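Have a look at the structure below before the remarks.
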Amino acid sequence: MPEVMFAGPDGRLEGRYHHSKDTGAPLALVLHPHPLHGGTMNNRITYSMFQGFQRLGFSVMRFNFRGVGRSQGRYDGGIGEISDAAGALDWMQSVNPNSGGLWIAGYSFGAFVGMQLLMRRPEISGWISVAPPATHYDFGFLAPCPTGGLMIHGDADEMVAEPGVRKLVDKLNTQKGVSIDYRVYEGADHVMANYADRVGTEMEEYVRQTMARKQMALAAD
Numbered sequence: 055m056p057e058v059m060f061a062g063p064d065g066r067l068e069g070r071y072h073h074s075k076d077t078g079a080p081l082a083l084v085l086h087p088h089p090l091h092g093g094t095m096n097n098r099i100t101y102s103m104f105q106g107f108q109r110l111g112f113s114v115m116r117f118n119f120r121g122v123g124r125s126q127g128r129y130d131g132g133i134g135e136i137s138d139a140a141g142a143l144d145w146m147q148s149v150n151p152n153s154g155g156l157w158i159a160g161y162s163f164g165a166f167v168g169m170q171l172l173m174r175r176p177e178i179s180g181w182i183s184v185a186p187p188a189t190h191y192d193f194g195f196l197a198p199c200p201t202g203g204l205m206i207h208g209d210a211d212e213m214v215a216e217p218g219v220r221k222l223v224d225k226l227n228t229q230k231g232v233s234i235d236y237r238v239y240e241g242a243d244h245v246m247a248n249y250a251d252r253v254g255t256e257m258e259e260y261v262r263q264t265m266a267r268k269q270m271a272l273a274a275d
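Under my numbering, the letters of the sequence shown match residues 55 to 275, in that order.
See below:
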């Protein structure tokens, strides 16, 4: 997977990008955990989701937020990082003008950024959030949430108590036309060190099934 450097809002950003051979392939952007707590694009969960999208035939990118690795700039409390992610989407869309769909996947802090991006980019057709920090950030901006998605959390998460995430899921599921597939991993903490392969496999199955359902619905119209 080639290394890429692209223009962000506060300097150049470093990424890893896999380009699909299919010119009409969908796009996916994978977002890493908190920059101030060791989060990078090489995080195991982030990399596992990246590989899952690659196996599905997507053109997919993971990148380092500002101030991480070779990415320029400094941590900006989440606001600048949302702009970084938007810049990554802009770059991918410029390289793939005929792409068929767009997915966002994020882990921990990356899940928060991904959901913020979901509200800003109507072209996003699906999302995955792993260990979303629902007790640290206000997710009330998801009103209404544009589309359903997959949410994964551990019942032994010491940083984000599972009931807080379940409360968010229940609230989103009351919205018209929104269905959240919520999966709780028994024994998994926030790091999910031994669950990377499971995350990658289950998100791959979810994306494949979701896209198949949408294609069937279009064919029925």
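Glycine included, C-beta positions come from ideal geometry on N, C-alpha and C. Predicted model only: the values in this text are computed from it and were never measured.
Could you check how far apart the C-beta atoms of M146 and N118 are, in whole angstroms? I think they sit under 8 Å.
-> Indexing the sequence shown from 1 puts residue 146 at position 92. Indexing the sequence shown from 1 puts residue 118 at position 64. About 15 Å; that fails the 8 Å criterion.
Flag this pair as yes or no: are the beta carbons of W157 and A82 separated by less than 7 Å?
-> Here residue 157 is taken as the residue at index 103 of the sequence shown, counted from 1. Here residue 82 is taken as the residue at index 28 of the sequence shown, counted from 1. Taking 7 Å as the Cβ cut-off, W157 and A82 qualify as a contacting pair.
Alpha helix (DSSP H) segment containing Y260, residue limits | Mapped onto the sequence shown, residue 260 falls at position 206. First-last of the alpha helix (DSSP H) with Y260: A250 to A274.
Simplified DSSP assignment, three categories, for I178 | The sequence position of residue 178 within the sequence shown is 124, counting from 1. The answer is coil: DSSP assigns I178 none of H, G, I, E or B.
From T100 to L85, what distance separates their C-alpha atoms?
-> Taking the sequence shown and counting its residues from 1, the one referred to as residue 100 is at position 46. Taking the sequence shown and counting its residues from 1, the one referred to as residue 85 is at position 31. Cα to Cα, T100 sits roughly 7 Å from L85.
How would you label R116, buried or exposed, when you count the other beta carbons within 10 angstroms and need 16 or more for buried?
-> Looking up residue 116 in the sequence shown gives position 62. When all chains shown are included, R116 counts as buried.
Residue interval of the alpha helix (DSSP H) (run including Y71) | Numbered from 1 along the sequence shown, position 17 holds the residue referred to as residue 71. It is not in any alpha helix (DSSP H) - Y71 instead sits in the beta strand (DSSP E) that spans G65 to H72.
With burial defined as no fewer than 16 other Cβ atoms inside 10 Å of the residue's Cβ, what is the status of P56: buried or exposed?
-> Along the sequence shown, one-based indexing puts residue 56 at 2. Result: exposed.
Secondary structure of A165, DSSP reduced to three states | Stepping through the sequence shown from its first residue, residue 165 is reached at position 111. Helix, per DSSP.
Are the beta-carbon atoms of Y239 and G208 separated by less than 7 Å?
-> By 1-based counting over the sequence shown, the position of residue 239 is 185. By 1-based counting over the sequence shown, the position of residue 208 is 154. Yes.
Compare the Cα-Cα distances from I206 to each of P187, M213, V214 and R237 and report the closest residue.
-> On the sequence shown, residue 206 is found 152 positions in, with the first residue counted as 1. When only C-alpha atoms are compared, the closest one is R237.
Is the beta carbon of Q105 less than 7 Å from the beta carbon of I136?
-> Taking the first residue of the sequence shown as 1, we reach residue 105 at position 51. Taking the first residue of the sequence shown as 1, we reach residue 136 at position 82. In this structure, I136 does not lie closer than 7 Å to Q105 by Cβ.
Within 7 Å, strictly: CB atoms of A165 and P186 | If you number the sequence shown from 1, residue 165 lands on position 111. If you number the sequence shown from 1, residue 186 lands on position 132. Cβ atoms of A165 and P186: closer than 7 Å.
Consult DSSP for D138 and reduce its assignment to one of helix, strand or coil.
-> Taking the first residue of the sequence shown as 1, we reach residue 138 at position 84. D138: helix per DSSP, three-state reduction.
Endpoints, the beta strand (DSSP E) within which S113 is located | Here the question's residue 113 lines up with position 59 in the sequence shown. Element bounds for S113: S113 to F117.
In three-state terms, what does DSSP make of R237?
-> Here residue 237 corresponds to residue number 183 of the sequence shown, with the count starting at 1. Here R237 sits in strand by DSSP.
For D243, which residues of its own chain have a beta-carbon under 7 Å away from its beta-carbon, when the five flanking residues on both sides are left out?
-> Within the sequence shown, residue 243 is the residue found at index 189, counting from 1. Once the five neighbours on either side are set aside, the close Cβ partners of D243 are G208, A210, D211 and E212.
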